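Visitor: Add 720 to the 1-based position in the sequence shown for this note's numbering, that's all there is to it. For every residue, glycine included, the Cβ atom is placed at its ideal position computed from N, Cα and C. It should be emphasised that the depicted structure is a prediction, and the values quoted were computed from it without experimental measurement.
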Amino acid sequence: MQLNPYLSFNGQCGAAFKFYQQCLGGSIQMMAWGDSPMSDQVPSGWRDKIIHATLIVGETALLGADAPPDRYETPRGFSVTIQINDPAEADRIFHALAENGTVQMPIQQTFWAALFGMCVDRFGIPWMVNCGQAA
Numbered sequence: 721m722q723l724n725p726y727l728s729f730n731g732q733c734g735a736a737f738k739f740y741q742q743c744l745g746g747s748i749q750m751m752a753w754g755d756s757p758m759s760d761q762v763p764s765g766w767r768d769k770i771i772h773a774t775l776i777v778g779e780t781a782l783l784g785a786d787a788p789p790d791r792y793e794t795p796r797g798f799s800v801t802i803q804i805n806d807p808a809e810a811d812r813i814f815h816a817l818a819e820n821g822t823v824q825m826p827i828q829q830t831f832w833a834a835l836f837g838m839c840v841d842r843f844g845i846p847w848m849v850n851c852g853q854a855a
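1) Within its chain, find whatever has a CB closer than 8 Å to the CB of asparagine 724; leave out the 5 residues flanking it on each side and keep chain order.
2) Mind checking who glycine 852 pairs with in its DSSP beta bridge?
3) Mapping DSSP to helix, strand and coil, what is glutamine 824?
4) Could you pull the start and end residues of the alpha helix (DSSP H) that aspartate 811 belongs to?
5) Would you grab the beta carbon distance between aspartate 786 and lysine 769 for me? Rounded to a whole angstrom, and I think it's under 8 Å.
6) For isoleucine 776 and tryptophan 753, I'd like the C-alpha separation in whole angstroms.
7) Where glutamine 761 and tyrosine 740 are concerned, what is the direct C-alpha to C-alpha distance, given to the nearest angstrom?
8) Going by alpha carbons, who is nearest to asparagine 850 out of Arg842, Asp806, Gly821 and Ile771?
9) If I measure Cβ to Cβ from phenylalanine 737 and keep anything under 7 Å in the same chain, skipping five residues before and after, which residues do I get?
10) What are the partner residues of glutamine 749, as DSSP defines its beta bridges?
11) Does the Cβ of phenylalanine 836 have 16 or more other Cβ atoms within 10 Å, making it buried, or fewer, making it exposed?
12) Report yes if the CB atom of alanine 816 is closer than 7 Å to the CB atom of cysteine 743, and no otherwise.
Listed below in structure tokens is the structure:
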């Protein structure tokens, strides 16, 4: 079994996934609404929006799409969590995701982690970066 977050965007999925690839690495696959079998069912201004995106990082997949405007809801009640063992890389990723977003908790040492931080990125997606304690 595999659990993967599926993120909804308000027309910014393509830009968000390119940004996440810059922050996290990996490879992206995206399909626009206009390239799908449903292309004749969406307004012409919506054809360049993303019907499905996948970012593969290691053995993990982050999924997403642009929700139709009447079905989009602001993300809340969850965070995408990154578990990483390298403090320098945790710090880099956190600051990259937080750029032009909102820092909810600056990345710092906690009683459970060498580094932990929380932010909402420029696309409205909440993130937590957790770098485990050294053994």
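Guide: According to the data block:
1) The residue you call residue 724 lines up with position 4 of the sequence shown. Within the same chain, asparagine 724 has close Cβ partners Thr780, Ala781, Leu782 and Leu783.
2) To locate residue 852, count along the sequence shown from 1; it is residue 132. Ala833.
3) What you label residue 824 is simply residue 104 of the sequence shown in a count that begins at 1. Three-state DSSP puts glutamine 824 in a strand.
4) Translated into the one-based positions of the sequence shown, residue 811 becomes position 91. Per DSSP, aspartate 811 belongs to the alpha helix (DSSP H) from 807 to 818.
5) For this step, residue 786 is matched to residue 66 along the sequence shown. For this step, residue 769 is matched to residue 49 along the sequence shown. Contact holds; Cβ gap of about 4 Å.
6) Stepping through the sequence shown from its first residue, residue 776 is reached at position 56. Stepping through the sequence shown from its first residue, residue 753 is reached at position 33. Each residue's Cα considered, the two are about 21 Å apart.
7) Walking along the sequence shown from the start, residue 761 turns up at place 41. Walking along the sequence shown from the start, residue 740 turns up at place 20. Going from the Cα of glutamine 761 to the Cα of tyrosine 740 covers about 29 Å.
8) The residue you call residue 850 lines up with position 130 of the sequence shown. The residue with the shortest Cα to Cα distance from asparagine 850 is Asp806.
9) Against the sequence shown, residue 737 aligns to sequence position 17. Excluding sequence neighbours, phenylalanine 737 sits near Ile748, Met750, Ala773, Leu775 and Gly784.
10) Taking the sequence shown and counting its residues from 1, the one referred to as residue 749 is at position 29. According to DSSP, which records beta bridges pairwise, glutamine 749 is partnered with Thr774.
11) Residue numbering aside, residue 836 sits at position 116 when the sequence shown is read from its first letter. Burial call: buried.
12) Numbered from 1 along the sequence shown, position 96 holds the residue referred to as residue 816. Numbered from 1 along the sequence shown, position 23 holds the residue referred to as residue 743. Yes, the pair counts as a contact, with Cβ atoms nearer than the cut-off.
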